[in-house]
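Quick note: the sequence shown uses the numbering used here, first residue 8, plus one each step. Note that the Cβ used here is the ideal one computed from N, Cα and C, for glycine as well.
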Amino acid sequence: MRISSQFQGKMNPFHSMLHPFEGFYTIKEERKGSVVTAAIIIAVFFVSELIKRQNMGYIFNEADLTALNIGLIATKTVVLYALWVTCNWAVATWMDGEGTAVEISIISAYSLLPYVITTIVTTLLSNVLVKEEGSFLYYFAIIAFLWSCVLMVIGMQTVHDYGFVKTLQSLLLTIVAMGIVIFLSVLFFTLFQQLILFFYTIYNELLFRL
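#1: Under a three-way DSSP split, which group does residue 107 fall into?
#2: Whole angstroms are fine: how far does the CA of residue 165 sit from the CA of residue 172?
#3: Quick one: using the 10 Å Cβ neighbour count with 16 as the cut-off for buried, is residue 100 buried or exposed?
#4: Do you know offhand how far residue 36's Cα is from residue 113's?
#5: Using the C-alpha atoms, what's the distance from residue 174 back to residue 54?
#6: Could you check what DSSP says for residue 75 in three-state terms: helix, strand or coil?
#7: Could you tell me which of 61, 21 and 31 sits nearest to residue 168, measuring between CA atoms?
#8: Which residues in the same chain as residue 133 place their Cβ atom closer than 7 angstroms to its Cβ, once the five residues preceding and following it in sequence are excluded?
#9: What would DSSP say about residue 67, mapped onto helix, strand or coil?
#10: With a Cβ-Cβ cutoff of 8 angstroms, do residue 161 and residue 110 count as a contact?
#11: Can you tell me which of the three DSSP states residue 185 falls into?
#12: Would you call the stretch 138–153 in contact with the stretch 187–196, where contact means no fewer than 3 C-beta pairs closer than 8 angstroms?
#13: For the alpha helix (DSSP H) containing residue 38, list its first residue and its last residue.
#14: With a threshold of 8 angstroms, are at least 3 pairs of Cβ atoms found where one atom belongs to the stretch 87–99 and the other to the stretch 120–135?
#15: Between the C-alpha atoms of residue 69 and residue 79, what's the straight-line distance to the nearest angstrom?
#16: In three-state terms, what does DSSP make of residue 170?
#17: Taking 8 angstroms as the threshold (C-beta atoms), are residue 48 and residue 119 in contact?
#18: Count the other C-beta atoms from every protein chain shown that fall within 10 angstroms of the C-beta of residue 95, then say buried if there are 16 or more, exposed otherwise.
#19: Nearest to residue 86 by alpha carbon, out of 103, 72, 61 and 52?
#20: Going by DSSP, what residue range makes up the alpha helix (DSSP H) through residue 128?
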């Protein structure tokens with residue numbers, strides 16, 4: 008009962024996929040977006056990428072099925088989504104955007120819906136199509152990706168009350184901010200590894216001398 012109450016009065020995410028201007032405006036002005044639904048979409052996003060890697064038709068699957076790295080898939084889906092939301096919120100704060108972190112997270116998740124659905128569909132189709140028909144999978148994936156990108160642009164424009172040009176500027180700055188965060192994270196991780204190795208080497212040297 009408590010779970011069902013989370014969805015009462017909330018907008019169906021498929022509505023925003025087909026009617027983005029109306030749907031995202033409803034999320035912003037009438038608070039009809041659902042955090043639970045957004046979380047489910049991101050969870051399905053992760054699972055769909057996992058299934059795609061392991062269950063894509065063998066004709067089209069170039070991945071090493073014995074070298075599954077769930078952490079890497081989680082990083083490319085859940086962590087990247089969280090980083091997008093955080094950086095976009097930070098940029099919007101600097102550029103006087105009106106969207107809250109919750110609204111950004113909901114709209115971003117809803118915008119991913121075409122890509123997530125297409126990932127599942129193409130994974131299933133890859134097991135019945137022949138190699139000559141593989142171009143259809145590629146085109147479906149490209150269309151879904153562009154669809155999600157368009158939804159993201161409309162969503163960010165609506166939630167932050169930007170013009171089109173300012174929306175593109177904020178999205179570009181968001182991507183730059185993500186790149187900086189990723190670069191610094193890799194740098195700190197590498198330095199941390201080197202520091203651990205340094206102390207480990209000293210420790211072994213002391214043990215050897217003693």
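Taking the definition as stated:
#1: One-based indexing of the sequence shown puts residue 107 at position 100. Here residue 107 sits in coil by DSSP.
#2: Your numbering for residue 172 matches position 165 in the sequence shown. Your numbering for residue 165 matches position 158 in the sequence shown. The straight-line gap from Cα to Cα measures roughly 13 angstroms.
#3: As a position in the sequence shown, residue 100 is number 93, starting the count at 1. Its Cβ having fewer than 16 others within 10 Å, residue 100 is exposed.
#4: As a first step, residue 36 is located in the sequence shown; it is residue number 29 there, counting from the start. As a first step, residue 113 is located in the sequence shown; it is residue number 106 there, counting from the start. Their Cα atoms are separated by approximately 13 angstroms.
#5: Translated into positions along the sequence shown, residue 54 becomes position 47. Translated into positions along the sequence shown, residue 174 becomes position 167. Cα to Cα, residue 54 sits roughly 30 angstroms from residue 174.
#6: By 1-based counting over the sequence shown, the position of residue 75 is 68. Residue 75 falls in the coil class under three-state DSSP.
#7: For the purposes of this step, residue 168 is taken as the residue at position 161 of the sequence shown. The shortest Cα separation from residue 168 among 61, 21 and 31 belongs to 31.
#8: The residue labelled residue 133 in the question sits at position 126 within the sequence shown. The answer, listed in chain order, is 63, 64, 67 and 144.
#9: The count along the sequence shown starts at 1 and reaches residue 67 at position 60. Correct three-state label for residue 67: coil.
#10: To locate residue 161, count along the sequence shown from 1; it is residue 154. To locate residue 110, count along the sequence shown from 1; it is residue 103. In this structure, the beta-carbon distance from residue 161 to residue 110 does not fall below 8 angstroms.
#11: Working through the sequence shown from its first residue, we reach residue 185 at position 178. Helix, per DSSP.
#12: no
#13: Mapped onto the sequence shown, residue 38 falls at position 31. Note, residue 38: premise wrong, no alpha helix (DSSP H); not H, not E.
#14: no
#15: As a working mapping, residue 69 is identified with position 62 in the sequence shown. As a working mapping, residue 79 is identified with position 72 in the sequence shown. Cα to Cα, residue 69 sits roughly 17 angstroms from residue 79.
#16: To locate residue 170, count along the sequence shown from 1; it is residue 163. DSSP places residue 170 in coil when its eight states are reduced to three.
#17: Within the sequence shown, numbered from 1, the residue matching residue 119 stands at position 112. Within the sequence shown, numbered from 1, the residue matching residue 48 stands at position 41. Taking 8 angstroms as the Cβ cut-off, residue 119 and residue 48 qualify as a contacting pair.
#18: What you label residue 95 is simply residue 88 of the sequence shown in a count that begins at 1. With 16 or more Cβ atoms within 10 Å of its Cβ, residue 95 is classed as buried.
#19: On the sequence shown, residue 86 is found 79 positions in, with the first residue counted as 1. When only C-alpha atoms are compared, the closest one is 52.
#20: On the sequence shown, residue 128 is found 121 positions in, with the first residue counted as 1. Where residue 128 is concerned, the enclosing alpha helix (DSSP H) stretches over 120–132.
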